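Take the sequence shown: its position 64, counting from 1, is numbered 64 in full-length UniProt numbering, and each next residue is one higher. Down below is the structure, laid out as C-alpha cells.
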Amino acid sequence: MQVTDRDERKKALDEAKKRLETRKREREQLRQLRDQRKQGQTVKPKDYGQTIVAETEQSINRWQKPPEEPVVASPAANAPAAPGRRVQMSEVGNINTQDIAKREKETYEKGVATDAIEIAQDAEIISENAKEEELEAMLREFMSEKIKPWPPKSKQQQQQQGSSASKEKDEHLEQVIDLSVEDDIADNSNAVSETVLTNEAVETLWSSKDFQQSFTIKTRWMERCLGVNDEHSLFWELDEDRGGKDKEDQQESLKLKQEFVISEWNKNANNRRAVCDLDCSNLNPDLFLTSYASNDNLVGSPNGTVAVWNFMLPNKPEYLLESQSMVTVAKFHPINAFIILGATMSGQILAWDVRAKSTPQFRSRSGHSSPVYSLQFLPTHHRKMLPFLTVSNDGKICNWNEEILVEPQSQSTIKTKENRPDEIPTTCFSFPLKDSKAVILGCDEGHLYKCDILLQNKELPVDHKIDEAHFGPITNVEFHPPAKKAGRHMDMLFLTSSYDWTVKLWHLGKNKPSEVALFRDMQDYVYDVKWSPSHPAVFACGDGSGKITLFDLNYDFESPVNEPFQSSPNGSISKICFAKEGKNLLAGDSQGVVRLYDVSSNLHDASEEDFRTFEEAIQRRIPK
C-alpha cells in the first residue's frame, strides 16, 4: 500500500505524542524525587531505574495495542422494504461506464486535534489562550497535504526574535533537567569552586616572561581586529576621478590618510630622528618598516632603530628593532615574513627575527668597512636561498647569502680604466631584472658607472662611465619594475635623482646608458625617486622643501600632473615608497614622521592602452 504524506504526518504525530508523554513523566518523577528528599525519604538509584523501565514497558504495550474497530450491524436478509410507492425496475443490456475519482473530505478526529493542540502549545507554537480561529487555522495547516511553515510568513517575521529566545530557553531547560536528574541520582557530587589568585600570585604571573610574551601577542591581535574595522568602513564612495585624464580631474593626486610617528620622539623637537629608509612587505601587505637615523640628544637610546608598522595601527609600531650602529637601509625578506635585513653606518650587515628579541640574531664579521647605503636582492630560481648585494661608500660590492651572514660569499672593488688611486664614493645602485649581470652605480661626484658583475673577481672593471650625469651627488638609482605587459624597451629604463634639483630618465642600451628625459620642476635637493609598481608611466620624487612631485609620462613628458604637493611643512622628504600595488604612497621626512597617502586611481589603475602608449613614447625618444 502506498504511504501518503498524511500517513507520514500521522506517524510523526504519534512519535511526538510519545516524546511529550515521556517528557511529562520525567518532570513528574523529578518533582516527586525532590519532594521525597525534602521529606527525608531516600531513593536508591537501582529502584529509580527499575521504576523507569517498568513504566516504559507499559507505555510501549499501550501504544502497540491495535485500536478496536467499531462493530457495524448488517441488515437482515428478510428485512421488510421501506414503505412507499413501488417502482417497476427494467433491465438494460449495455451502458457506458466511467470512473469518477472520489473526493475525500478533510475530517479531523477529536483525538488527533487535541493531541496536535497540546503538542503545539507545549512547543510554544501557539499560546494557551489562543482563539478558536487560530486553532482551526493551525489544524488545517497541520493536516493538509502540502508542507507549509507555521506561523505564516508575516507572523514569523514578527515572532522571529521571540521564537529564537524561547528555543534557547528550552535547550537550557533540558540541560538543567538532565543535570538535576544526574545530581539527584548520584550519591556523591563534587562542587566546583572558582580559583581566586592572591595578590602575590598575580604579581608573579604578571612579571613572568611567558605571560608577558603571550599577552603582547594577544593584544596585538585585538588591536589589528579593531584597526580592520576602522580601515574598512561600511560606507564608501566610488572614485570620481576614475578614467579622467584632464588636469582638473587630477588636482587631488594625493590625499593624506594617516601619519605614523613614535610618540616618545615627537614630544621634543630635539629628540626627533630622521627617516633613513622605507620598505613594504610583499608577504604581508599590511606591514611596512622604517629605519631611523641616530640622535645624540637621546641618551640611552640605541643608535640604530627599525620600526615595523601596521597600516591599521598608527599609534605605535608592532615591533621595535635595535642595533649598536645606525641602520642606513632595511628590507623585508622576500620569502620569510619574520626576517628583516639591514645595513649599518659601520658597514655591518644585520638580520632580525621579529619572533625573537629586538636585537639582531645574525651579524656579519667581515665585508664592508665603510657605510652601506644600498641593499638589493638578486633574482634567482632558488626559493630557499636568496642572494643579495650591498654597496658601500668605498666602492666595494659584496654578494651575500642570507643564511650565512658571517662573511660574504664574494666581494669586489670597483676599478675605473684610469686606475685612480682613490676610492669611488658610491651611494646607490640598481640593476634590471632581465639582465642581472649589468649594474648601474651612482656616486657622490655625480658620475654614473656601468659594470658587469663578476662575483668571483676581486676587481670589478667599469665598462662605461658617464661623467657629470648630474651636477651633484646622486641620491638614488631606480630601474623600472618588471611587468607582464612590459615592452621591449621598458625593462631597461631607470631613473636617477640628485642634489642638483633634477630627476633624469635613462635607457640602458647594449653599449651604454643614454639620457631620455630631464625633469626640472623640483624646488630643492631631490633625495629619492621611485617608480609606481602598477602604472608603467608614473613615478614620484621627494625633495628638501618637503614636497612630493608626481609625474605621468603618458599625460606629459615634461611637466608633473600637478603642482608639487606639500607633504612635510617643517622638514625635507628623505624617503618615499609605493605601497599596496601603487594605491598608496609612503613619505618619510627629516622629522621622523611617515605619512600615508591615497593615490588617485588615474595614477595606479593602468590599462593595456597605458602600457602601449608608454612603450610607443619611449621608442620615439630613445636615441638611435
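The beta-carbon is built from N, C-alpha and C at its ideal position, and this holds for glycine as well. Every value quoted in this text rests on a predicted model; they were computed, and no experiment measured them.
- Rounded to the nearest whole angstrom, the CA to CA distance from residue 394 to residue 367 is 12 Å.
- For residue 297 and residue 434, the gap between their C-alpha atoms comes out near 46 Å.
- Under the three-pair Cβ rule at 8 Å, the region 462-478 does not count as touching the region 591-604.
- If you draw a straight line from the Cα of residue 11 to the Cα of residue 5, it is about 10 Å long.
- In the structure shown, residue 38 adopts helical secondary structure according to DSSP, grouped into three states.
- Relative to the Cα of residue 306, the nearest Cα in the group 27, 324 and 300 belongs to 324.
- Taking 9 Å as the cut-off, the beta carbon of residue 289 is found no closer than this to the beta carbon of residue 333.
- The beta carbon of residue 337 sits closer than 6 Å to the beta carbons of 283 and 284 from its chain, once the five residues preceding and following it are set aside; these are given in chain order.
- Pairing residue 398 with residue 504, the inter-Cα distance amounts to about 27 Å.
- Assignment of beta strand (DSSP E) within the region 426-488, counting only whole runs of 3 or more residues, yields 426-430, 438-443, 448-452, 459-466 and 474-479 in chain order.
- Beta-bridge partners of residue 575 (DSSP): 588.
- Counting along the chain, residue 310 sits inside the beta strand (DSSP E) bounded by residues 304-310.
- With a contact defined as Cβ atoms closer than 8 Å, residue 594 and residue 275 qualify at about 6 Å.
- Residue 202 counts as exposed, since fewer than 16 other C-beta atoms from the protein chains shown sit within 10 angstroms of its C-beta.
- Nearest C-alpha to residue 522 among 512, 534, 510 and 565: 565.
- With contacts defined by Cβ atoms closer than 9 Å, residue 591 and residue 272 form a contacting pair.
- Counting of Cβ neighbours within 10 angstroms places residue 409 among the exposed residues, the total staying below 16.
- Looking at the DSSP output, residue 595 bridges to 259 and 587.
- DSSP, reduced to helix, strand and coil, places residue 515 within a strand of the structure shown.
- Shown here, residue 21 sits in a helix according to DSSP, grouped into three states.
- Cβ atoms of residue 481 and residue 533 come within 8 Å of each other, at about 5 Å.
- Annotation for residue 614: the continuous alpha helix (DSSP H) segment containing it runs 608-621.
- In the DSSP assignment, residue 323 forms a beta bridge with 304.
- The closest CA to that of residue 327, considering only 400, 621, 539 and 303, is found on 303.
- Restricting attention to 568, 604 and 580, the CA atom closest to the CA of residue 587 is found in 568.
- From the listed residues 377, 418 and 372, the smallest Cα separation to residue 396 is found for 372.
- Separation of residue 579 and residue 557 (C-alpha to C-alpha, rounded to the nearest whole angstrom) is 24 Å.
- Excluding its 5 nearest sequence neighbours in each direction, residue 446 has C-beta neighbours in its own chain below 7 Å: 468, 469, 470, 471, 472, 473, 474 and 498, listed in chain order.
- In this structure, the alpha-carbon of residue 489 lies about 7 Å from that of residue 615.
- Judged by DSSP secondary structure, residue 201 falls within the alpha helix (DSSP H) whose first and last residues are 199-207.
- Taking C-beta atoms as the reference points, residue 406 and residue 375 fail to come closer than 9 Å.
- By the 16-neighbour rule on beta-carbons within 10 angstroms, residue 404 is exposed.
- In the DSSP assignment, residue 298 falls outside any beta strand (DSSP E), carrying neither H nor E.
- Taken through DSSP and simplified to helix, strand or coil, residue 195 comes out as coil.
- Residue pairing from DSSP places residue 351 in a beta bridge opposite 341 and 362.
- When only Cα atoms are considered, residue 479 and residue 380 end up about 18 Å apart.
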